[in-house]
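Trainee: If you read the sequences in order, they're chains A and B.
Heads up: take any position in the first sequence, counting from 1, add 2, and you land on my numbering.
Heads up: take any position in the second sequence, counting from 1, add 9, and you land on my numbering.
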Amino acid sequence: MPTVDIDPDELRDLTGHDDVGDEQLKDDLFGLGLEFEGRTEDGAFELEFAPDRLDRLSVEGVARSLRYQYGDARGVHVPSTNSAEWTITVDDSVPDERPYVTGAVIRDVSLDEDGLDSLIQLQEKLHATMGRKRAKGAIGIHDLTMLKGSSATDTDTPTIEYVGVEPDEDRFVPLDSDAELTPAEVLEEHDTGRTYADLVSEYERYPAIYDDIGLFSFPPVINGRRTEVSTESRDLFVEMTGTDQWTIDKMLNIVCYALAARGATIEDVTVEYDDREIVRPDLSTKTKSVPHKRIETILGLNLDPDEVVDLAERSGLEATKEDGEDAGELVYEFTIPPYRVDVLHPLDVIDDLGRAYGFNELEPEYPDVGTVGGRHERSRLEDAARTQLVGLGFEDLLNFHMISEEENYERLDVSPDANVYGAGEAATIKEPYSEDFTMLRTWVMPSLLMVLERNTHRAYPQHLAEIGFTAAVDESENTGVTEQRHVGAVLANHDAGYEDAKARLQALARRFDVELETPPTEHPTFISGRTAAVVIDGEEVGVIGEVHPKVLVEHDLEVPVAAFEFELAALQ
Amino acid sequence: MQLPAAQVAVLEAASADEATSVDALAEATDLPPETVTGAVFELEAEGLVTVSECVDETITLTDEGREYAESELPEISLYEAALEAGADDDPVSMGQVIGASGLEGNAVDIALSNYARKGYGQIDSGEITADPDADPASDEEATALESLAADENLDDAAVRDQLERRGLLEISETTVREVTLTDDGVTELMAGLETAETVGQVTPELLTGGEWEDVEFAEYNVEADAEQFEGGRVHILRQTADRVKDVLVGMGFQEMEGPHVDADFWINDCLFMPQDHPARTHWDRFALEQPTHIDDLPEDLVADVERAHREGVGPDGEGYHSPWDEDFARALALRGHTTSLSTRYLSGEEIGEIEPPARFFSVEKVYRNDTLDPTHLLEFFQIEGWVMAEDLSVRDLMGTFEEFYAQFGIEDIQFKPHYNPYTEPSFELFGTHPTTGELVEIGNSGIFREEMLEPLGVECDVMAWGLALERLLMLMYGFEDIRDIHGTLCDLELLRETEVTY
Numbered sequence: 003m004p005t006v007d008i009d010p011d012e013l014r015d016l017t018g019h020d021d022v023g024d025e026q027l028k029d030d031l032f033g034l035g036l037e038f039e040g041r042t043e044d045g046a047f048e049l050e051f052a053p054d055r056l057d058r059l060s061v062e063g064v065a066r067s068l069r070y071q072y073g074d075a076r077g078v079h080v081p082s083t084n085s086a087e088w089t090i091t092v093d094d095s096v097p098d099e100r101p102y103v104t105g106a107v108i109r110d111v112s113l114d115e116d117g118l119d120s121l122i123q124l125q126e127k128l129h130a131t132m133g134r135k136r137a138k139g140a141i142g143i144h145d146l147t148m149l150k151g152s153s154a155t156d157t158d159t160p161t162i163e164y165v166g167v168e169p170d171e172d173r174f175v176p177l178d179s180d181a182e183l184t185p186a187e188v189l190e191e192h193d194t195g196r197t198y199a200d201l202v203s204e205y206e207r208y209p210a211i212y213d214d215i216g217l218f219s220f221p222p223v224i225n226g227r228r229t230e231v232s233t234e235s236r237d238l239f240v241e242m243t244g245t246d247q248w249t250i251d252k253m254l255n256i257v258c259y260a261l262a263a264r265g266a267t268i269e270d271v272t273v274e275y276d277d278r279e280i281v282r283p284d285l286s287t288k289t290k291s292v293p294h295k296r297i298e299t300i301l302g303l304n305l306d307p308d309e310v311v312d313l314a315e316r317s318g319l320e321a322t323k324e325d326g327e328d329a330g331e332l333v334y335e336f337t338i339p340p341y342r343v344d345v346l347h348p349l350d351v352i353d354d355l356g357r358a359y360g361f362n363e364l365e366p367e368y369p370d371v372g373t374v375g376g377r378h379e380r381s382r383l384e385d386a387a388r389t390q391l392v393g394l395g396f397e398d399l400l401n402f403h404m405i406s407e408e409e410n411y412e413r414l415d416v417s418p419d420a421n422v423y424g425a426g427e428a429a430t431i432k433e434p435y436s437e438d439f440t441m442l443r444t445w446v447m448p449s450l451l452m453v454l455e456r457n458t459h460r461a462y463p464q465h466l467a468e469i470g471f472t473a474a475v476d477e478s479e480n481t482g483v484t485e486q487r488h489v490g491a492v493l494a495n496h497d498a499g500y501e502d503a504k505a506r507l508q509a510l511a512r513r514f515d516v517e518l519e520t521p522p523t524e525h526p527t528f529i530s531g532r533t534a535a536v537v538i539d540g541e542e543v544g545v546i547g548e549v550h551p552k553v554l555v556e557h558d559l560e561v562p563v564a565a566f567e568f569e570l571a572a573l574q
Numbered sequence: 010m011q012l013p014a015a016q017v018a019v020l021e022a023a024s025a026d027e028a029t030s031v032d033a034l035a036e037a038t039d040l041p042p043e044t045v046t047g048a049v050f051e052l053e054a055e056g057l058v059t060v061s062e063c064v065d066e067t068i069t070l071t072d073e074g075r076e077y078a079e080s081e082l083p084e085i086s087l088y089e090a091a092l093e094a095g096a097d098d099d100p101v102s103m104g105q106v107i108g109a110s111g112l113e114g115n116a117v118d119i120a121l122s123n124y125a126r127k128g129y130g131q132i133d134s135g136e137i138t139a140d141p142d143a144d145p146a147s148d149e150e151a152t153a154l155e156s157l158a159a160d161e162n163l164d165d166a167a168v169r170d171q172l173e174r175r176g177l178l179e180i181s182e183t184t185v186r187e188v189t190l191t192d193d194g195v196t197e198l199m200a201g202l203e204t205a206e207t208v209g210q211v212t213p214e215l216l217t218g219g220e221w222e223d224v225e226f227a228e229y230n231v232e233a234d235a236e237q238f239e240g241g242r243v244h245i246l247r248q249t250a251d252r253v254k255d256v257l258v259g260m261g262f263q264e265m266e267g268p269h270v271d272a273d274f275w276i277n278d279c280l281f282m283p284q285d286h287p288a289r290t291h292w293d294r295f296a297l298e299q300p301t302h303i304d305d306l307p308e309d310l311v312a313d314v315e316r317a318h319r320e321g322v323g324p325d326g327e328g329y330h331s332p333w334d335e336d337f338a339r340a341l342a343l344r345g346h347t348t349s350l351s352t353r354y355l356s357g358e359e360i361g362e363i364e365p366p367a368r369f370f371s372v373e374k375v376y377r378n379d380t381l382d383p384t385h386l387l388e389f390f391q392i393e394g395w396v397m398a399e400d401l402s403v404r405d406l407m408g409t410f411e412e413f414y415a416q417f418g419i420e421d422i423q424f425k426p427h428y429n430p431y432t433e434p435s436f437e438l439f440g441t442h443p444t445t446g447e448l449v450e451i452g453n454s455g456i457f458r459e460e461m462l463e464p465l466g467v468e469c470d471v472m473a474w475g476l477a478l479e480r481l482l483m484l485m486y487g488f489e490d491i492r493d494i495h496g497t498l499c500d501l502e503l504l505r506e507t508e509v510t511y
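#1: Whether or not the stretch 211-221 of chain B and the stretch 43-57 of chain B are in contact is what I'm after, with contact meaning three or more pairs of Cβ atoms, one per stretch, closer than 8 Å; do they touch?
#2: Taking the beta strand (DSSP E) that Q486 (chain A) belongs to, which residues open and close that run?
#3: Measure the beta-carbon distance from F436 (chain B) to E450 (chain B) and round it to whole angstroms, keeping in mind my assumption that it falls under 8 Å.
#4: Could you name the residues that DSSP lists as bridge partners for T204 (chain B)?
#5: Could you check which residue in B:L297, B:C469 and B:Q263 has the C-alpha nearest to that of L350 (chain B)?
#6: Using DSSP bridges, identify the partner residues of T38 (chain B).
#7: I'd like the list of long-range same chain contacts for A125 (chain B), defined as Cβ closer than 8 Å, with 5 residues on each side in sequence excluded.
#8: Please work out which residues of its chain come closer than 7 Å, Cβ to Cβ, to L40 (chain B), disregarding the five sequence neighbours upstream and downstream, and give them in chain order.
#9: List, in order along the chain, the chain A residues whose C-beta lies closer than 8 Å to that of P426 (chain B)?
#10: If distances are taken between C-alpha atoms only, which option among B:G209, B:A120 and B:E239 comes closest to Y229 (chain B)?
#11: Name the two residues that bound the continuous alpha helix (DSSP H) containing L383 (chain A).
#12: Alpha carbon to alpha carbon, how far is K425 (chain B) from L68 (chain A)?
#13: Can you tell me whether Y511 (chain B) is buried or exposed? The criterion is at least 16 other CB atoms within 10 Å of its CB, across all chains shown.
#14: Under three-state DSSP, which class holds C258 (chain A)?
#15: Quick one: which residues of the stretch 385-418 of chain B get their C-beta closer than 7 Å to a C-beta of chain A? List them in chain order.
#16: At a Cβ threshold of 8 Å, is R316 (chain B) touching chain A?
#17: From which residue to which residue does the beta strand (DSSP E) around A428 (chain A) run?
#18: Within the same chain, show all residues whose beta-carbon is closer than 7 Å to that of Y341 (chain A), passing over the 5 residues directly before and after it, in chain order.
#19: Kindly indicate which three-state DSSP category S147 (chain B) falls into: helix, strand or coil?
#20: In the DSSP assignment, find the alpha helix (DSSP H) that holds Q26 (chain A) and state where it starts and stops.
#21: Can you find a CB in chain B that lies within less than 8 Å of the CB of A52 (chain A)?
#22: In the DSSP assignment, find the beta strand (DSSP E) that holds F61 (chain B) and state where it starts and stops.
#23: Tell me P209 (chain A)'s beta-bridge partners as DSSP assigns them.
#24: Taking the C-alpha atoms as reference points, what is the distance between I224 (chain A) and G345 (chain B)?
#25: For chain B, find out if any of its Cβ atoms is closer than 8 Å to the Cβ of P148 (chain A); answer yes or no.
#26: Any beta-carbon of chain B closer than 8 Å to the one on N401 (chain A)?
#27: Pull up the CB-CB distance for D325 (chain B) and K290 (chain A), whole angstroms please, since I reckon it's below 8 Å.
#28: Quick check on DSSP: helix, strand or coil for N401 (chain A)?
#29: Any idea what DSSP makes of H19 (chain A), helix, strand or coil?
#30: For E226 (chain B), does the count of other Cβ atoms within 10 angstroms reach 16, so buried, or fall short, so exposed?
#31: Could you check where the beta strand (DSSP E) with L238 (chain A) kicks off and where it finishes?
#32: Pick out the complete alpha helix (DSSP H) segments inside the stretch 118-202 of chain B, 4 residues or longer, and give them in chain order.
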């Protein structure tokens, strides 16, 4: 799970609780679902968080939540904004893949080193989560005093422009560089450029943001050096581009709330699309209606309506009581603040109320609901066959279903397209992570031989069996794959032979009352003349034989091995 | 009277007048002493002989003692050198005397530490004096060593103890058993004895011919370890799975079954997992190279699921602001959780519409593209369970899990509020480790979201939980490396030796 670094002293400053000790603070944070993982080199708390409350990705957001928990804040707080001076215009040339932009102006910030670090961390964490590694939303923060708004239309409205440029059309000096580079050069030569090159390399035109002086941002890759933010910066321009307007607007809200918590003033920005004009940040609240009864049933509690309102306010929400559609039904209209990105459904509000109440305060109760339990027939058959195998002296194994082509076919001298048991087209893994696991096994014999190979230093006899999953491509299936359980068994000992295997196979067949025949056959894994097909109730379902010395030597085995394998379903 | 051959021989060799030692009997009967000892005890039990025991002490010289007996004690060498140097008149430098004595190494220290004790003279401030009246010829220790070397007895206990302390002799004790015939023994002997035949094995001939009545069975060393035997046993992880299944069936759960290779639709989309969720990227799942897509999905359900993703559910619902593509939903992968079975069952696709109340479970394999290490496997068993009923509460969820984990000795479950895209409220479950007492994560749970249930056509509440079976196994058995247990790297010996639990 993701982590966020929080300086405990800053947290105490922002909550106004200087007297809370580190241990108490850790407990309070755990109550918010932020788990203490350790300290960073600088002594900050490293906190693990579940990726729902993305408004807590910085010290300012965590402090806000703690203030609600401590009872210092109640209800919904929305910072006021000044009316727009700046405009972002969106040009037709903007790449279709990344059409959306949003922004805000932040005035009178005072960022010390810690404040600047926190802002950078918030930006990175938002990129990693909501921004989907910048693919869905990317943030650029600039020193406003370094921007010169072009004033083509109106002298009172400084404007920056979101456009698309040819990869080598223009040049700018990116952050962490001294050279003037084109966007295409940034992707090849700059470290950050190389990291994010995949996001835009397929685009015909690259996203770019211009002011009157020229190109100053190449989203989602890197900003220009000219507008770099420092502790000296007093006014900021925040822009975000992405593939979804809602996502970047919410990311912007979280950044605005964090900076407002440090005393900054938020100023609107007008975004002019070809066909519409919007004003951002959108700090409007949302409402969700939840019936009182639903809250009570989910939490398993009887609650006084005033208590529900109180729990809501302690969660940073607001609730008003209303009449529902049914007579006498009580419904609440909950107000959701604009930094919340996790409230998709009225049910999410109930979770907030439960947390404020304290889930661990609830008394567990076994549900008074009677049902009849039972096993699936498939697993009952598997267990019955396994019990018989164990009774016949086999040690039961449990191997991986994923395997490599080499293990599944080659090392058993089987060609995938041969017409023998165990061959056949495999379901294969796309871009496998390890060369040992590239496909699903088509039979269990390879796994059993691998276990024998691994255990030559252990005592013999080794009588091993597995009732295991196998799969092969089969176009007649809806998924294109037929999945079967096979019964596989090996007998490894200095005097193991065909008869030993046949005796046990016969016992199985007898016990399940099926008719077994073993007509001679040829199979490359087994010695010619000592190999038979396993025919159960007239249908060929497997193979039995003495494993060929070539295969034994390949697996570093120095004892003979007799083996059989067949489809479990044949015992039904 | 019939007796086994060894007992007959011993009885014949023993005497009524004189006690005979076991060693003497062994010599007389030409039997190994342990056989004679065994026979003697048998005869004693039958009242034919009496056995007396006495402790015999043997004194033997150590190598060092033997060396001094052959030459002389170091302190005497030192005394002689001191006399030579005139130390009987005036103190002489010790270095000079030691040099002249020819003593080297440890012998110097030994000589010095015994010199004054035995009155040969004094050692003071690096000088040595010799007592002219001392007489090495009458040194008791030297005399005793000589006697012992000549196999003579040593009666003076004080000298013996002193020599033992000096490590010059060893005293060992042995128990000597001596046998005398009793009157009964004499009588039986006079009456005549027959040797009974001993046999190794019960044979069909012995049984049918009635000879078994006259034979003695050769004795075995019944205390010795037999050859190791393995035999069959159920794999320990499978046994744990069966145990879990037993518990769940007992709690009224029915088992689910379904495909390992499945469409992302069933694995993730039906679970209200946004398509751009990090867990759905290439790195976390095992997508299939071939085959690539499922043939058929229920059309109406696909439309409903897409709508839930895009628009949410209910008048105040909101969807994900994420792309949704049917082609991705139809892509095949190895299931990352068995919740794909739950979505198939809940949708009515597997066994038709399920009426509440209902409980379902599975203990089946799932596949995660993780790093293989002592606690993580690429494929492992997931315990998945859900309860469907009208108006389920968080308290019902807590009560169900407390009951389940208590069956495995895990008490004091704690519920940590958590986030899952498909449940709300959600809880991570923590329990106290039965042996170490640590608080460990033991599962993930919650109440399925309406955005998940509504498209599936479920109109009541469903609570669910999941847990890795291997985690439960490791908690129960204290295994440290799961790779020794599960998979082709397994160690047969570990599987063979693991303690049986129930």
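The beta carbon of each residue, even a glycine, is placed where N, CA and C say it ideally should be.
Mentor: Walking through what the data contain:
#1: Contact between the stretch 43-57 of chain B and the stretch 211-221 of chain B is absent, because fewer than three Cβ pairs lie under 8 Å.
#2: In the first sequence, residue 486 (chain A) corresponds to position 484, counting from 1. DSSP places Q486 (chain A) inside the beta strand (DSSP E), whose first and last residues are V483 to A494.
#3: Sequence index remark: in the second sequence, residue 436 (chain B) carries index 427 (1-based). Sequence index remark: in the second sequence, residue 450 (chain B) carries index 441 (1-based). F436 (chain B) to E450 (chain B), Cβ: 11 Å. No contact.
#4: Along the second sequence, read from residue 1 onward, the residue named residue 204 (chain B) stands at position 195. Answer by DSSP bridge pairing, in chain order: B:L12.
#5: Along the second sequence, one-based indexing puts residue 350 (chain B) at 341. L350 (chain B) has its Cα closest to that of B:Q263, out of B:L297, B:C469 and B:Q263.
#6: Along the second sequence, read from residue 1 onward, the residue named residue 38 (chain B) stands at position 29. Looking at the DSSP assignment, T38 (chain B) forms no beta bridge with any residue, so it has no partner.
#7: As a working note, residue 125 (chain B) is residue 116 in the second sequence. Cβ contact annotation for A125 (chain B) (same chain, cutoff 8 Å, sequence separation greater than five): Q131 and I132, in chain order.
#8: Taking the second sequence and counting its residues from 1, the one referred to as residue 40 (chain B) is at position 31. Excluding sequence neighbours, L40 (chain B) sits near A15 and A18.
#9: Working through the second sequence from its first residue, we reach residue 426 (chain B) at position 417. Those are G35, D353, G356, R357 and F361, listed as they occur along chain A.
#10: Indexing the second sequence from 1 puts residue 229 (chain B) at position 220. For the residues B:G209, B:A120 and B:E239, the minimum Cα distance to Y229 (chain B) belongs to B:G209.
#11: Counting from 1 along the first sequence, the entry for residue 383 (chain A) is found at position 381. Counting along the chain, the alpha helix (DSSP H) containing L383 (chain A) begins and ends at E379 to G393.
#12: One-based indexing of the second sequence puts residue 425 (chain B) at position 416. One-based indexing of the first sequence puts residue 68 (chain A) at position 66. Annotation: K425 (chain B) to L68 (chain A) spans about 17 Å, alpha carbon to alpha carbon.
#13: Residue 511 (chain B) sits at position 502 when you count from the first residue of the second sequence. The residue is exposed, with fewer than 16 neighbouring Cβ atoms inside 10 Å.
#14: In the first sequence, residue 258 (chain A) corresponds to position 256, counting from 1. Three-state DSSP puts C258 (chain A) in a helix.
#15: Hits within the stretch, in order: L387, E388, V396, A398, D400, L401, S402, V403, R404, D405, M407, G408, T409, E411 and E412.
#16: Numbered from its first residue, the second sequence carries residue 316 (chain B) at position 307. It does not; no Cβ of chain A falls within 8 Å.
#17: Mapped onto the first sequence, residue 428 (chain A) falls at position 426. Premise fails: A428 (chain A) is in no beta strand (DSSP E) and is neither H nor E.
#18: Translated into positions along the first sequence, residue 341 (chain A) becomes position 339. The answer, listed in chain order, is D57, N255, I256 and Y259.
#19: The residue given as residue 147 (chain B) occupies position 138 in the second sequence. S147 (chain B) falls in the helix class under three-state DSSP.
#20: Locating residue 26 (chain A) in the first sequence gives position 24, where the first residue counts as 1. Residue range D24 to G33 is occupied by the alpha helix (DSSP H) that includes Q26 (chain A).
#21: Working through the first sequence from its first residue, we reach residue 52 (chain A) at position 50. True, the Cβ-Cβ gap to chain B drops below 8 Å.
#22: Locating residue 61 (chain B) in the second sequence gives position 52, where the first residue counts as 1. Here the sequence assigns Ser to residue 61 (chain B), which means Phe is not the residue at that position. Per DSSP, S61 (chain B) belongs to the beta strand (DSSP E) from V58 to L70.
#23: Here residue 209 (chain A) corresponds to residue number 207 of the first sequence, with the count starting at 1. Answer by DSSP bridge pairing, in chain order: A:G166.
#24: In the first sequence, the residue the question calls residue 224 (chain A) occupies position 222. In the second sequence, the residue the question calls residue 345 (chain B) occupies position 336. Looking at the two C-alpha atoms, the distance is approximately 35 Å.
#25: If you number the first sequence from 1, residue 148 (chain A) lands on position 146. The sequence given here places Met at residue 148 (chain A); Pro does not occur at that position. M148 (chain A) does not count as touching chain B.
#26: Sequence index remark: in the first sequence, residue 401 (chain A) carries index 399 (1-based). It does: the Cβ of N401 (chain A) has a partner Cβ on chain B nearer than 8 Å.
#27: As a first step, residue 325 (chain B) must be located in the second sequence, where it is residue number 316. As a first step, residue 290 (chain A) must be located in the first sequence, where it is residue number 288. So it is a contact: roughly 4 Å between Cβ atoms.
#28: Position 399 of the first sequence holds residue 401 (chain A). Coil at N401 (chain A), not helix or strand.
#29: Sequence index remark: in the first sequence, residue 19 (chain A) carries index 17 (1-based). Three-state DSSP puts H19 (chain A) in coil, outside helix and strand.
#30: Here residue 226 (chain B) refers to the residue found at position 217 when the second sequence is read from its first residue. Correcting the residue identity first, residue 226 (chain B) is Phe in this sequence and not Glu. Around the Cβ of F226 (chain B), a 10 Å sphere holds fewer than 16 other Cβ atoms; the residue is exposed.
#31: Sequence index remark: in the first sequence, residue 238 (chain A) carries index 236 (1-based). The continuous beta strand (DSSP E) containing L238 (chain A) extends over residues L238 to G244.
#32: You should have 149-158, 166-174 and 192-200.
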